[in-house]
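Each number in this note's numbering corresponds to the 1-based position in the sequence shown with 172 added. Everything below concerns the one structure shown next.
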Amino acid sequence: MASLILMRHGQSMWNAANLFTGWVDVPLTQVGIDEALAGGQKLADVQIDEVHTSTLIRAQMTAMLALSQHNSGKTPVFQYSDSGEVMSDNERKMVEWSQMNAGSDVSNILPVYVSWKLNERMYGDLQGMNKQATRDKFGDEQVKIWRRSYDTPPPNGESLELTAARTIPYLQSTLLPAFDEGKNLFIAAHG
Numbered sequence: 173m174a175s176l177i178l179m180r181h182g183q184s185m186w187n188a189a190n191l192f193t194g195w196v197d198v199p200l201t202q203v204g205i206d207e208a209l210a211g212g213q214k215l216a217d218v219q220i221d222e223v224h225t226s227t228l229i230r231a232q233m234t235a236m237l238a239l240s241q242h243n244s245g246k247t248p249v250f251q252y253s254d255s256g257e258v259m260s261d262n263e264r265k266m267v268e269w270s271q272m273n274a275g276s277d278v279s280n281i282l283p284v285y286v287s288w289k290l291n292e293r294m295y296g297d298l299q300g301m302n303k304q305a306t307r308d309k310f311g312d313e314q315v316k317i318w319r320r321s322y323d324t325p326p327p328n329g330e331s332l333e334l335t336a337a338r339t340i341p342y343l344q345s346t347l348l349p350a351f352d353e354g355k356n357l358f359i360a361a362h363g
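Structure (structure tokens):
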């Protein structure tokens, strides 16, 4: 029977500073590194067939740190592919090269699929703002609407509806077919 393992990224530098992060590429703090390692220890003996993560470093760091604790002996290898996306020649070349590895035996490889469709919700103009200062400036109710209503985005950002519009197709086209094949999926992303 297939399993779905979800792990939110560890504490990022902007989480620690209470800032809206969104699509800003912010690394983990030492606390976040320790959290990822601890999460990985809990998964050390769980079979994992595929890993999926966002393009953001905090999620990728979390995935790789957690996998460093895994007992499978497999090497995690990033696989870049967003099928159906329009790509530049350089992006296409990156995808082609990411599909290659040093040997022909891929039995020791644990694929780590990277997709922007798993990125955190884009907070637009709120990105980089202190959360309390944002509440002080716009009011608790307005910030709650931006963060929790389904169809009202923050200024120049994504609503939950828009976030779902990019993540659900990835779930349907990529995750569910793998799950239906009986694969155990580990997703390191955002909360």
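Beta carbons: idealized from backbone N, C-alpha and C, even for Gly. Predicted model, so just to flag it, every value in this text is computed and none were measured.
Within the same chain, Cβ atoms closer than 6 Å to the Cβ of residue 208 are found at 182, 234, 237 and 238, the five residues on either side in sequence being excluded. Per DSSP, residue 360 is one residue of the beta strand (DSSP E) stretching across 357-361. Less than 7 Å separates the beta-carbon of residue 300 from that of residue 191.
Looking at 284, 303, 328 and 355, the one whose alpha-carbon comes closest to that of residue 227 is 284.
Apart from sequence neighbours up to five positions away, the residues of its chain that approach residue 211 with a beta-carbon distance below 6 Å are 179 and 238, ordered along the chain. A Cβ-Cβ distance of about 6 Å is found for the pair residue 292 and residue 194, placing them in contact under the 8 Å criterion. According to DSSP, residue pairing for residue 222 in a beta bridge involves 357. Taking the Cβ atoms as the reference, residue 217 lies roughly 6 Å from residue 243, within the contact range of under 8 Å. A distance below 7 Å between beta-carbons, with the five flanking residues on each side excluded, links residue 246 to the following residues of its chain, in chain order: 280, 281 and 282.
Collapsing the DSSP output to three states places residue 203 in a helix.
Residue 249 is bridged by DSSP to 283.
Considering only 336, 287 and 189, the residue with the shortest C-alpha distance to residue 360 is 287. Annotation: the continuous beta strand (DSSP E) that includes residue 178 extends over 176-180. Distances from the CA of residue 252 to each of 308, 223, 175 and 355 were compared; the closest alpha carbon is that of 223.
Looking at the backbone, the Cα of residue 174 and that of residue 308 are separated by about 46 Å. Closest in alpha carbon position to residue 306, among 337, 202, 290 and 326, is 326. Its Cα nearest to that of residue 206, the residue 241 stands out among 345, 310 and 241.
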